[in-house]
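Protein sequences appear in the order of chains D and F.
Residue 18 in this note's numbering sits at position 18 of the first sequence; the count goes up by one each step and never skips.
The number in this note's numbering is simply the position in the second sequence, starting from 1, with 1000 added.
Number of protein chains: 2
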Amino acid sequence: MGKLIENLADGGGECGLPHALEAMGERWSFMILRAAFNGLKHFEEMQASLGIARNILANRLGRLVATGILERQPCPDDRRKIEYRLTAKGESLLPAMIALRQWGERWGDGGLSNPVLCDRRDRQPVQRVRIHAQDGRALDWHDLTWVDQSELVSEAAE
Amino acid sequence: MGKLIENLADGGGECGLPHALEAMGERWSFMILRAAFNGLKHFEEMQASLGIARNILANRLGRLVATGILERQPCPDDRRKIEYRLTAKGESLLPAMIALRQWGERWGDGGLSNPVLCDRRDRQPVQRVRIHAQDGRALDWHDLTWVDQSELVSEAAE
DNA sequence: GTTTTAGGTTGCAACTAAAAACTCAATTGC
DNA sequence: GCAATTGAGTTTTTAGTTGCAACCTAAAAC
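If you want it as structure tokens, here you go:
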């Protein structure tokens, strides 16, 4: 338990992807993450809702806790129950998850996803997740290039 | 070969995620996609750069072609060679891949990714991938809610 | 015409996932 | 107070995947 994608180390440069995949690259990880974003907090809830095998769910939850994506916290009112809840690190996976989901929706078998992620303020659906330039323009692949770090013109980035 | 994540079907609503994961949920898929975005086109190039087993690479490339993410095209000049190149469907995975990579970079072992994805126009790095409201505001998890499709106020969306 | 190169297969060992049954403590019903 | 139920896991068994190494085939190079 704990190696998984070590050999992915580099395939043309250093990259955060292998690290991300080490945490989230297993079969059910994203589905569990989505369940967490949907407000499911307990083992049995998730098991019932996802239909995942119990041992795998236990293993994945353990791993997500180990990587700091979920927090494991016994409930005070019913001490059999354990709450899994998203940490800040877990919450910051939302753009990746939504991007994936939108892609699946766009190219999938037609059906729109439900429920829809909406701005709390006006209850309108969020935009499609895209790549944006510093000035805010949305960019497609043909608008982009890879630049070596050493060649970056520093400019108080981010 | 070919079922993988069929049971993921629904875990609290319809969702594009399972479809996305069916295409991209396997261990090496995202690494191969990244290789493709980095300009690698041939089997041997990818094999050498990723260090993946040949049978798995063959299998994954086959699957990525089957799902329409890559196109397989024999080279006219050297007919042993085969070019794998991104389709529009594959290109549209870029936001998901970059979101994942940025997450890994942010929470990973420190090292910045290299090379950096930049706006071709000014060679400045792209922004962090985020969720945006219709009016363009960047939103975090606590600014968002799930809304059932039936409750959406239609307004000539997107 | 032998050697090399590109892109794969095949066979087999090691690992990982799934389903179902089992554990074990906390809680509820009576 | 005691049996039944529930929550959160383990264990066991079976099935499917991954990875390595070796092999194969056609096209190109020499």
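Glycine included, C-beta positions come from ideal geometry on N, C-alpha and C.
Because the structure is a prediction, the values reported are computed rather than measured.
Beta-carbon proximity check, residue i vs residue j, cutoff 8 Å
i: D/Ile82; j: D/Phe43; result: yes
i: F/Ala1066; j: F/Leu1050; result: no
i: D/Leu93; j: F/Trp1103; result: yes
i: F/Leu1064; j: F/Met1046; result: no
i: F/Gln1124; j: D/Asn114; result: no
i: D/Ala99; j: F/Pro1018; result: no
i: D/Trp141; j: F/Glu1091; result: yes
i: D/Ile32; j: D/Arg60; result: yes
i: D/Lys41; j: D/Arg85; result: yes
i: F/Gly1025; j: D/Arg27; result: yes
i: F/Asp1143; j: D/Arg120; result: yes
i: F/Val1129; j: D/Val129; result: yes
Closer than 8 Å to chain D by CB, residue i
i: F/Glu1089; result: In the sequence on display, residue 1089 of chain F carries Lys and not Glu. Chain D contact via Cβ: present.
i: F/Gly1110; result: no
i: F/Phe1030; result: yes
i: F/Pro1076; result: no
i: F/His1042; result: no
i: F/Ala1036; result: no
Residue burial classification, residue i (beta-carbon count within 10 angstroms, cutoff 16)
i: F/His1132; result: buried
i: D/Leu21; result: buried
i: F/Gly1108; result: buried
i: F/Arg1101; result: buried
i: D/Cys118; result: buried
i: D/Gln127; result: buried
i: F/Glu1105; result: buried
i: F/Ser1153; result: Looking at the sequence shown, residue 1153 of chain F is not Ser but Val. Exposed: under 16 other Cβ atoms inside 10 Å.
i: D/Cys75; result: exposed
i: F/Gly1136; result: exposed
i: F/Gly1016; result: buried
i: F/Ala1088; result: exposed
i: F/Leu1112; result: exposed
i: F/Ala1023; result: buried
i: D/Glu151; result: exposed
Cβ of residue i within 8 Å of any chain F Cβ
i: D/Ala99; result: yes
i: D/Asp148; result: yes
i: D/Arg79; result: no
i: D/Arg85; result: no
i: D/Glu6; result: Residue confidence is low: D/Glu6 scores 40 on pLDDT, short of 50, so the model does not pin down where it sits. No coordinate-derived value is stated.
i: D/Thr145; result: yes
Residues from the stretch 1045 to 1074 of chain F in contact with chain D, defined by Cβ distance under 7 Å: Answer in chain order: Ser1049, Leu1050 and Gly1051.
Which parts of the stretch 1090 to 1145 of chain F are runs of the beta strand (DSSP E), unbroken and 3 residues or longer, counting only runs that do not cross its ends? If we require 3 residues or more, the beta strand (DSSP E) runs fully inside the stretch 1090 to 1145 of chain F come out as 1116 to 1119.
Give me the subset of the stretch 1117 to 1137 of chain F whose CB atoms are less than 9 Å from a CB atom of chain D, sorted by chain position. Residues are counted here when their Cβ sits less than 9 Å from a Cβ of chain D; for the stretch 1117 to 1137 of chain F these are Leu1117, Cys1118, Asp1119, Arg1120, Arg1121, Asp1122, Arg1123, Gln1124, Pro1125, Val1126, Gln1127, Arg1128, Val1129, Arg1130, Ile1131, His1132, Ala1133, Gln1134, Asp1135, Gly1136 and Arg1137, given in chain order.
Give the list of continuous alpha helix (DSSP H) stretches no shorter than 4 residues that lie fully inside the stretch 11 to 70 of chain D. Within the stretch 11 to 70 of chain D, the alpha helix (DSSP H) runs of at least 4 residues that lie entirely inside it are, in chain order, 17 to 24, 29 to 37, 43 to 50 and 54 to 66.
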